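Residue numbers (our numbering), protein chains in the order written: chain A, 1 to 472; chain B, 1 to 127. Each residue gets a CB set at the ideal place from its N, CA and C atoms; glycine is no exception. Note that the structure is a prediction, hence the values are computed from the model and not measured.
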Ligand SMILES: Cc1cc2nc3c(=O)[nH]c(=O)nc-3n(C[C@H](O)[C@H](O)[C@H](O)COP(=O)(O)OP(=O)(O)OC[C@H]3O[C@@H](n4cnc5c(N)ncnc54)[C@H](O)[C@@H]3O)c2cc1C
């Protein structure tokens with residue numbers, strides 16, 4: 001038995017077993033979150049297209065039909081605009097019972113005022129979903145889990161689900177073996193790690209092999225407030241509410257309306273009680289709720305988030321996808337799961353399953369995501385500066401409000417913020433747009449106009465009811 | 001339960017022949033019909049249902065819409081931007097596979113219809 005995952009066991013001849021998938025090849029997918037399910041779906045789809053007979057075993061201890069933590073993969077549950085479109089192009093439509101709410105706009109809350117940024121097409125193209133079957137103790141829903149739906153698609157293509165927790169993955173001669181907590185084990189031609197970042201498997205593989213670095217992680221916070229459908233429609237509408245507050249270490253905060261609940265997600269650098277207290281005590285947050293009172297939450301968790309990629313993300317007959325490999329910083333994690341899953345599936349079907357194949361055909365996508373994340377850090381760095389500078393917040397508010405009130409015309413700041421909040425465009429794209437002379441010129445003008453005495457953004461000290469809410 | 005896309009009422013026009021276009025559409029619910037208009041007369045090209053797409057030519061060409069598409073009963077339709085689509089294809093060319101497949105079916109269908117039409121129009125050969 002050889003615990004080394006990445007290096008070849010000595011004496012094994014590579015010519016022995018070809019490192020390509022052939023008729024009868026077996027693939028193990030560890031974890032059936034979005035990455036695992038989409039990998040299985042696309043691999044089986046492509047195999048069918050080229051008349052290749054491969055089988056997939058998906059290892060997943062969770063049942064997504066359960067409510068609360070037992071069925072949930074802990075996330076804000078926003079399926080981005082770009083992913084909704086790409087899935088639709090692939091022929092994967094999100095059914096109505098999976099979509100808890102279609103999001104039409106973002107409402108940005110700052111101490112200097114609120115502003116709503118509407119989707120450019122006035123169309124619902126962002127989906128708010130539950131990863132499991134809803135919060136703990138919620139009523140049985142007439143809805144369906146997002147992860148459960150993707151898993152069903154993979155099963156319909158022929159994948160087999162094995163409800164077991166994988167405790168180890170080893171290299172056995174030229175094959176890989178998967179070992180489960182209940183002593184079950186089996187051999188495979190390819191093992192795909194899609195366990196996300198909240199799993200102990202990545203830790204134990206790193207410790208055992210000492211040959212790859214598991215992803216860097218940070219602690220986040222999610223909770224669910226039960227407010228009821230009608231109250232949510234009235235107070236939150238089909239809008240995702242995001243906050244730009246001067247709270248150190250907080251990178252992104254959002255209230256996401258879903259059926260009877262509103263989900264709160266706090267992302268940043270190790271979210272802790274102190275940061276949460278500051279957030280909940282902000283008037284901008286309290287004012288979002290009826291009677292400016294934050295209700296107690298029905299369900300909460302502190303999931304980890306990937307902030308640094310696994311290195312390397314492949315070996316012979318082994319590949320890491322989704323959060324187990326690399327993902328976009330703070331945004332569109334499910335979109336990255338789709339992109340990495342499909343790229344890995346294409347590599348396995350059309351090229352092979354050797355380290356060299358993954359290096360040539362899969363790693364470039366991971367590098368592209370990682371490079372864009374570097375730009376993302378710059379963009380979030382600017383965000384932190386804005387968090388600290390009230391005059392900048394006033395300028396932004398003024399600029400967005402103007403753009404939103406004018407039909408037609410270039411909506412430069414709205415577009416930048418929309419793509420930043422929704423994760424619809426790469427960070428590099430967003431950053432380059434902020435260098436456009438017209439953007440810079442307009443921002444400078446709005447910084448002046450927004451800070452003139454009498455501007456709407458300067459009336460922040462008035463009570464909420466009397467404050468000029470910027471209407472559109 | 002909630003839904004994505006935009007709702008159209010029975011008979012409402014989604015795209016109009018001759019207009020410029022820079023997106024395609026995927027039907028989420030209901031049915032739509034594509035009609036070609038010529039000399040004030042309409043020719044129904046096809047009807048389409050859930051998960052079918054239309055308007056895809058605008059993604060590949062700069063030309064105007066070749067047909068009018070309208071809802072047959074209430075319908076819900078999702079828009080796919082040219083930028084998103086082309087960006088996706090740039091990263092993953094296989095994203096276009098389904099569209100190419102559908103376009104190929106449509107060419108086959110039109111060829112069959114043209115052949116049938118020509119058969120009917122051919123002058124009878126003299127005995
Ligand atoms: C607070 C927060 C909010 C977020 N909000 C959003 C958002 O709104 N939109 C968005 O796109 N992304 C969001 N993300 C990111 C998103 O959750 C992830 O990027 C996405 O879930 C990654 O999918 P995955 O399949 O790689 O991993 P996961 O979703 O984590 O799935 C991993 C699966 O593997 C299974 N598993 C784990 N260990 C084992 C094992 N040993 N054996 C077998 N199975 C195992 C788990 O049960 C799970 O089902 C958010 C993340 C956080 C932390």
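In the pairwise beta carbon analysis, the region 26-38 of chain B is classified as touching the region 61-72 of chain B: at least three pairs are separated by under 8 Å. Going by beta carbons, residue 221 (chain A) and residue 301 (chain A) fall inside the 9 Å limit.
Relative to ligand 1, residue 386 (chain A) has its C-beta separated by 8 Å or more from all heavy atoms. Annotation: the continuous beta strand (DSSP E) that includes residue 161 (chain A) extends over 160-162. Excluding five sequence positions before and after residue 139 (chain A), the CB atoms of its chain that fall closer than 8 Å to its own CB belong to 260, given in chain order. Residue 48 (chain A) and residue 124 (chain A) have their C-alpha atoms spaced approximately 33 Å apart. If you look at residue 81 (chain B), you'll find it isn't in any alpha helix (DSSP H); it sits in the beta strand (DSSP E) that goes 68-81. Rounded to the nearest angstrom, the Cβ distance from residue 298 (chain A) to residue 322 (chain A) is 27 Å, too far for a contact under 8 Å. If you draw a straight line from the Cα of residue 37 (chain A) to the Cα of residue 153 (chain A), it is about 8 Å long. Assignment of residue 185 (chain A) by DSSP, reduced to helix, strand and coil, places it in the strand class. Flagged as an interface residue toward chain B: residue 424 (chain A), by a C-beta distance shorter than 9 Å.
Around the beta-carbon of residue 51 (chain B), fewer than 16 other beta-carbon atoms lie within 10 Å, marking it exposed. For residue 190 (chain A), the enclosing beta strand (DSSP E) starts and ends at 190-193. Residues of chain A with a Cβ closer than 7 Å to the Cβ of residue 94 (chain B) are, in chain order, 346. Counting C-beta pairs closer than 8 Å gives three or more between the region 233-253 of chain A and the region 101-117 of chain A, which meets the contact rule. The alpha carbon of residue 67 (chain A) has as its nearest neighbour, out of A:101, A:147, A:275, A:31, the alpha carbon of A:147.
Looking from the CA of residue 22 (chain B), the closest CA among B:45, B:41, B:58, B:44 belongs to B:58. Here the alpha carbons of residue 400 (chain A) and residue 194 (chain A) stand approximately 40 Å from one another. Of all residues in the region 73-86 of chain A, those with a C-beta nearer than 7 Å to a C-beta of chain B are 82, 84, 85, 86, reading in chain order.
Residue range 390-405 is occupied by the alpha helix (DSSP H) that includes residue 401 (chain A), with no beta strand (DSSP E) assigned at that position.
Ligand 1 has no heavy atom closer than 8 Å to the beta-carbon of residue 66 (chain A). At a threshold of 8 Å, residue 200 (chain A) counts as near ligand 1, since its beta carbon sits closer than that to one of the ligand's heavy atoms. A Cβ-Cβ contact shorter than 9 Å links residue 415 (chain A) with residue 433 (chain A).
Taking 8 Å as the cut-off, the C-beta of residue 343 (chain A) does not count as close to any heavy atom of ligand 1.
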